[in-house]
Amino acid sequence: MSLSQRHLALLLIAPGFALVAALFLYPLCFSLISAFTGPQGGFSLQAFAKAWELYSGDIVFTVVIVVASCLLTALLAIVIAGTLTLGENRYIVGTLKALYRWPLFIPFIVAAQCMRTFLAKNGLMNNTFVSLGLMEPLQAVSFLDWRGIIATFVWKQTPFVALLLAGALASIDRATLEAGRNLGASRLRVLVELALPQVMPQLLVALVLSFVTMLSVLSVPMMVAGSQPTMLTVDMAFRINAYGDYATANALGVITYLISAGAAIIYLKRGMSKEGTP
Amino acid sequence: MRIFTLACSLAALIVASPLSAQTLNVASAGDQNMVDYVKDYLGPMFEKAHPGVKVVSVGTGPGDAGSQKIYEKLDAQKGSPTTDFDVVVIHQKGAGQMVKEGLLAKYTANVETAKLATGDAAKNALGTDVSGFVIPMFQSQTALAYNADMLKTPPATFAELADWVKKNPKQFGYNGIKGGMSGVSFVAGWVYAFGGDADKLIKGPYDAATKASWDKAFADLKEFNKNAVITPGNAGTLDMLNRGEIAIGPVWVDMFYSWQADGKLPPNMKLKLVSPGMPGQPMYYAVPEKSAQKKLAEAFIALATSPQVQADGIVKKFNWYPGIDAKNLEGKLDKAAWDKLFTDVTPADLSQNGKPFPIAPYFNDILEGYERKVAN
Amino acid sequence: MIRVASGFRMLLAAFALAAFAFFLIGPLVNLALWSVAERWYTPYKLPVVYGTRYWEQVFRPTGDAMASLATSVWIAVLTVLVALALSIPAGYALARLRLPARAFFMILFLLPQAFPSVAIYINVARVFYQLGINGTVFAVVLVHAAHGLVYSVWIAAAAFAAVDKDLELAARNIGASPFKTFTSVTLPLAAPGIVASGIFVFLESLDEFTGTFFVGVPQVTTLPLLLYNAAMGGNYQVASITALILLVPSVLFMLFIERFLRADVLAKVGA
């Protein structure tokens, strides 16, 4: 039985695997070969040395940006999903429900486009604050740097995480939550201590997927922020477009993949140590 | 209503799209305006003259990245009998590379108008001999754009600019070297100004030891950057100028004019081409070696580089400098349209301070030197 | 007293909601403003001249916005179907069966998202040219499906994992075959999550342009390609309008899907 189940499992996963193998694994081999080949041919780590030498700052910058964006996204998504589940004022819940999803539909490149005119020093946001009298014109600063990238990522990814999280929260046993409320716990405590632990796996899936997505977006860092420092996707594009240097670009790609695989492994380990399923 | 339209077009798509007898695929590395130029202006004109031919115009994105994509696509098709593209519009760097790798056809002998373009740009692309493979579509130039309200007398040289930026921190912006060629051009201009012999960088021959002599220029540029704003790309610089967030920055002259015409720049913006000069470059028409429609492609390029089209389309509509020699346009254009091109940057400025980009190996050295010594 | 306190809290909540709405809607309003701004420059805080010139430009007779839109939507729908067809068995295997090297497979599906490189698309294009399928909708759908598969596989796996095993056991006990159990118990219970993952695959496909360029252009052109050119080139009006057009199918698709997800909608998603 056990053997046949393993076979069945492999059989079921085969079509999906075949697609990814044909369209990514196979071409990826060429990329890996180019990343590990020196200028004179033969195995070499030269491309990685160059990637590190020129872009070490950008590697750190990228990780910091993505991690910070994920944390902020998680926080906001928890607030939104928590309000949707535990909120008692139906106007607020209704408004929130109608609103929060919209950025989900905006492609990254459009989000970048929106943000670069919204967050600029004299952009719509600062102009609104100035017009409302909340701020003096001279105090206006531009957010078109790392803050702009984070803001765009959070804006775009929060609905995604919140959508998955709200769904998960809606499915947990209401009775425990009601009991908690009846015992006098505040809604915040119910959310943090009773509800969240039950939906941790869903939150983590959503965050890992967001993490990977943010890591691979080119348009946002390219359009929202200046190029020093910048994210790895921009460097990769630059390596290819300016020098036709695929080796270093691929080395950067390998580094990016290792970063996201790291995030995925942390998630998978946690899931497995728990109960064998995520 | 929209759902209805959507459903209709979806249905139409599924039923079938009638194919024309012949399709001419034109790929342009450039901004949307270049794609639209072929789609709305050249394409219909060509289709009228050649009934049964359909011109399809696709864009591959602005800057060298767009040319690189065309190169990659042609390279991927090396093993196929024909290529997807019949006419390509590419930058100098891409042209040099494609000629070297044998991806382009030597076609200009078959096109009469090739004789009208005799400038250096028609023969030499960043040190690669491209004569016979390309005809310039237009020339463009970078210059500093400034807000005349915020800045009465703009700096006239790179040295004056450096001083001015020191006194007025965060009023100058450029995009570094990523995300747009206007910043690259500024950096190249900086090296021309402070890195020693500019002529050698433009004409060659290449000497790998030269780059060591730029160390001081790069160190100064790093210092200069502390008081400069790094903008997100060509459009980013223009955008910040538009919002009054910076007072001066390097831009492409043609982009500047079309932004101004579109009302995306204040009317009081002006251009200044500082000495010892900033680079400009042409866009090229070329034909892939394995194009299935070489005859049509040549006819298309002949039309596109004819004096009348260059006058009406290139100069009047888009404010580009013509690709063929200017004297061929005489009589085809009213004086006002011609003068508009040279309002801020005079022909004298252009001939003195409009430079080509450095030859490819120096070009790469400058970019990598910048990454190594200025950015990281 | 309590009333004052709760009134105050209400006010606070309303204020928080308003601030939230501003940051959420602000960029979108900005987008809408740009789409009708004919002239807008400093020091004006709002467009100087409004008009529909750019809308006319996008929808001009020689423009192919509507045709590209139709192609984009058609490709996105097919991509969802392909991705779901592949991810339902894969997700089930990952969640329910004793699959060897499970973590390896999970991370493998992450690959197309996580290794962002045009180098890969060039090689894919090379293979497709040899097969003669480059420039077809089919080729573009395959590339998009591989790219979006991580969403559908990961979420489907999670959705299957969340289905109560006791229900499956009960079905088996009353004599249902494993396949029958799957189609009549497991799949319907996991369906909301799986269907929801379709939204993300759909959006992913509508967002993609690099792969489309290499395997589709010039025979297949999609709206995001147009958007990419306009946005990169700084043509804010055309980019904004294109973006607004793209919003329509996304929202319609979401509404369409939502009808299949009743009250407990996304209850099981990602569980």
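So the sequence lines, in the order shown, correspond to chains A, B and C.
All residue numbers in the first sequence are consecutive under numbering that gives the first Met the number 0, ending with 277.
All residue numbers in the second sequence are consecutive under numbering that gives the first Met the number 0, ending with 375.
All residue numbers in the third sequence are consecutive under numbering that gives the first Met the number 0, ending with 270.
Ideal Cβ positions, reconstructed from N, Cα and C, are used throughout, including at glycine.
Computed from a predicted model, the values in this text were never measured in an experiment.
Check whether Gln309(B) and Leu295(B) have beta carbons under 8 Å apart: Mapped onto the second sequence, residue 309(B) falls at position 310. Mapped onto the second sequence, residue 295(B) falls at position 296. Cβ distance not < 8 Å, so Gln309(B) and Leu295(B) don't count as in contact.
Given Val152(C) as reference, the closest of Ile193(C), Leu30(C), Leu205(C) once Cα atoms are compared: Working through the third sequence from its first residue, we reach residue 152(C) at position 153. Out of Ile193(C), Leu30(C), Leu205(C), Ile193(C) has the C-alpha closest to the C-alpha of Val152(C).
Test: Lys155(A) CB closer than 8 Å to a CB of chain B: Position 156 of the first sequence, counting from 1, holds the residue named residue 155(A). Chain B, which has no Cβ nearer than 8 Å to the Cβ of Lys155(A), makes this no.
Residues of its chain near Ala260(B), where Cβ-Cβ distance is below 8 Å and the 5 sequence neighbours each way are ignored: As a first step, residue 260(B) is located in the second sequence; it is residue number 261 there, counting from the start. Within the same chain, Ala260(B) has close Cβ partners Asn318.
Beta-carbon neighbours of Thr230(B), restricted to chain A and to distances below 7 Å: As a first step, residue 230(B) is located in the second sequence; it is residue number 231 there, counting from the start. Contact of Thr230(B) with chain A by beta-carbon distance below 7 Å involves Gly225.
Candidates Gly42(B), Ala325(B), Gly62(B), Gly65(B), of which the one nearest Val54(B) by Cα: Taking the first residue of the second sequence as 1, we reach residue 54(B) at position 55. The shortest Cα separation from Val54(B) among Gly42(B), Ala325(B), Gly62(B), Gly65(B) belongs to Gly42(B).
Min CB distance Leu366(B) to chain A below 8 Å: Reading the second sequence from its first residue, position 367 is the one you call residue 366(B). In terms of beta-carbon proximity, Leu366(B) lines the interface with chain A, with at least one pair separated by less than 8 Å.
Closer than 9 Å at the beta carbon, the chain A residues around Gly243(B): The count along the second sequence starts at 1 and reaches residue 243(B) at position 244. Those are Lys120, Asn121, listed as they occur along chain A.
Inter-residue spacing [alpha-carbon to alpha-carbon] between Leu251(A) and Pro177(C): Here residue 251(A) is taken as the residue at index 252 of the first sequence, counted from 1. Here residue 177(C) is taken as the residue at index 178 of the third sequence, counted from 1. Taking the straight line from one Cα to the other gives about 46 Å.
The stretch 150–180 of chain B: positions lying closer than 8 Å to chain A by Cβ: Residues of the stretch 150–180 of chain B that bring their beta carbon within less than 8 Å of a beta carbon in chain A comprise Asn174, Gly175, Ile176, Lys177, Gly178, in sequence order.
Interface flag, Val35(C) vs chain B, CB-CB below 8 Å: Numbered from 1 along the third sequence, position 36 holds the residue referred to as residue 35(C). Residue-level contact check: Val35(C) does not touch chain B, since none of the beta carbons of chain B fall below 8 Å from its beta carbon.
Beta-carbon spacing of Lys354(B), Met277(B) below 8 Å: Working through the second sequence from its first residue, we reach residue 354(B) at position 355. Working through the second sequence from its first residue, we reach residue 277(B) at position 278. Yes; because the gap between Cβ atoms is below 8 Å, this pair is in contact.
Any 3 or more C-beta pairs closer than 8 Å across the stretch 107–114 of chain A and the stretch 4–21 of chain C: The answer is no - the stretch 4–21 of chain C does not touch the stretch 107–114 of chain A, with fewer than three Cβ pairs under 8 Å.
One or two residues paired with Val25(B) in a DSSP bridge: Here residue 25(B) corresponds to residue number 26 of the second sequence, with the count starting at 1. DSSP lists Ser56(B), Val86(B) as partners of Val25(B).
Beta-carbon spacing of Val126(C), Phe213(C) below 8 Å: Within the third sequence, the letter at position 127 stands for residue 126(C). Within the third sequence, the letter at position 214 stands for residue 213(C). A distance of 8 Å or more separates the beta carbons of Val126(C) and Phe213(C).
Rounded straight-line distance, which links the Cα of Thr229(A) to that of Tyr54(A): For the purposes of this step, residue 54(A) is identified with residue 55 of the first sequence, where counting begins at 1. For the purposes of this step, residue 229(A) is identified with residue 230 of the first sequence, where counting begins at 1. C-alpha separation (whole angstroms): 9 Å.
Ala301(B) vs Ile89(B) beta-carbon contact at 8 Å: Position 302 of the second sequence, counted from the start, is the residue given in the question as residue 301(B). Position 90 of the second sequence, counted from the start, is the residue given in the question as residue 89(B). Ala301(B) is not a Cβ neighbour of Ile89(B), given a cutoff of 8 Å.
Residue-level contact to chain B via CB, Met231(C), 8 Å cutoff: As a working note, residue 231(C) is residue 232 in the third sequence. Met231(C) counts as touching chain B.
Chain A contact residues for Gln31(B), given Cβ-Cβ distances below 7 Å: Translated into the one-based positions of the second sequence, residue 31(B) becomes position 32. Result: empty, since nearest Cβ-Cβ is about 13 Å, beyond 7 Å.
Min CB distance Ile358(B) to chain A below 8 Å: Residue mapping note: residue 358(B) aligns to position 359 of the second sequence, counting from 1. No, no contact with chain A.
Three-state class that DSSP yields for Asp128(B) in the structure shown: Locating residue 128(B) in the second sequence gives position 129, where the first residue counts as 1. Of the three classes helix, strand and coil, the one that applies to Asp128(B) here is strand, per DSSP.
Beta-carbon spacing of Ala8(A), Leu98(C) below 8 Å: Here residue 8(A) is taken as the residue at index 9 of the first sequence, counted from 1. Here residue 98(C) is taken as the residue at index 99 of the third sequence, counted from 1. It is a contact, given that the beta carbons lie within the stated cut-off.
Bridge partners - Lys271(B), DSSP secondary structure assignment: To locate residue 271(B), count along the second sequence from 1; it is residue 272. In the DSSP assignment, the residues bridged to Lys271(B) are Leu143(B).
Sequence-distant residues of its chain with Cβ nearer than 8 Å to Phe60(A) (five each side left out): By 1-based counting over the first sequence, the position of residue 60(A) is 61. Within the same chain, Cβ atoms closer than 8 Å to the Cβ of Phe60(A) are found at Trp145, Pro228, Thr229, Met230, the five residues on either side in sequence being excluded.
Cα-Cα separation, Trp337(B) to Val314(B): Residue 337(B) sits at position 338 when you count from the first residue of the second sequence. Residue 314(B) sits at position 315 when you count from the first residue of the second sequence. Cα atoms of Trp337(B) and Val314(B): separation of roughly 7 Å, rounded to the nearest angstrom.
Buried or exposed (CB count within 10 angstroms, at least 16 for buried), Met282(B): In the second sequence, residue 282(B) corresponds to position 283, counting from 1. So Met282(B) counts as buried.
Chain-ordered residues of the stretch 225–254 of chain A with a beta carbon less than 8 Å from chain B: Answer set for the stretch 225–254 of chain A: Gly225, Ser226, Gln227, Pro228, Thr229, Val233, Asp234, Ala236, Phe237, Ile239, Asn240, Ala241, Tyr242, Gly243.
In DSSP terms, what Lys354(B) is bridged to: Within the second sequence, numbered from 1, the residue matching residue 354(B) stands at position 355. Partner(s): Pro278(B).
Gln156(A) and Thr72(A) closer than 8 Å at C-beta: The residue given as residue 156(A) occupies position 157 in the first sequence. The residue given as residue 72(A) occupies position 73 in the first sequence. Yes, they are a contact pair.
Segment contact, 8 Å Cβ cut-off, at least three pairs: the stretch 364–371 of chain B with the stretch 341–354 of chain B: Because the criterion of three Cβ pairs below 8 Å is not met, the stretch 364–371 of chain B and the stretch 341–354 of chain B do not touch.
Exposed unless 16 or more other CB atoms sit within 10 angstroms - verdict on Glu100(B): One-based indexing of the second sequence puts residue 100(B) at position 101. By the 16-neighbour rule on beta-carbons within 10 angstroms, Glu100(B) is exposed.
Of the residues Trp163(B), Lys293(B), Pro287(B), the one placed nearest Tyr145(B), counting alpha carbons only: By 1-based counting over the second sequence, the position of residue 145(B) is 146. When each option's Cα is compared against that of Tyr145(B), the closest is Trp163(B).
Start and end residues, alpha helix (DSSP H) containing Arg95(C): Position 96 of the third sequence, counted from the start, is the residue given in the question as residue 95(C). Secondary structure note for Arg95(C): its alpha helix (DSSP H) is the uninterrupted segment 64–95.
Per-residue contacts from Gly15(A) into chain C (C-beta, under 8 Å): Within the first sequence, numbered from 1, the residue matching residue 15(A) stands at position 16. Near Gly15(A) (Cβ distances below 8 Å), the residues of chain C are Leu85, Ser86, Pro88, Ala89, Phe108, Leu148, Val152.
Residues of its chain near Glu49(C), where Cβ-Cβ distance is below 6 Å and the 5 sequence neighbours each way are ignored: As a first step, residue 49(C) must be located in the third sequence, where it is residue number 50. Here residue 49(C) is Tyr; the residue named in the question, Glu, does not match the sequence. Shown here for Tyr49(C): same chain residues with a beta carbon closer than 6 Å to its own, the five before and five after excluded, namely Val35 in chain order.
Supposed close pair Val81(C), Val140(C) - CB separation, criterion 8 Å: For this step, residue 81(C) is matched to residue 82 along the third sequence. For this step, residue 140(C) is matched to residue 141 along the third sequence. Yes, they are in contact, since the Cβ atoms of Val81(C) and Val140(C) sit about 6 Å apart, within 8 Å.
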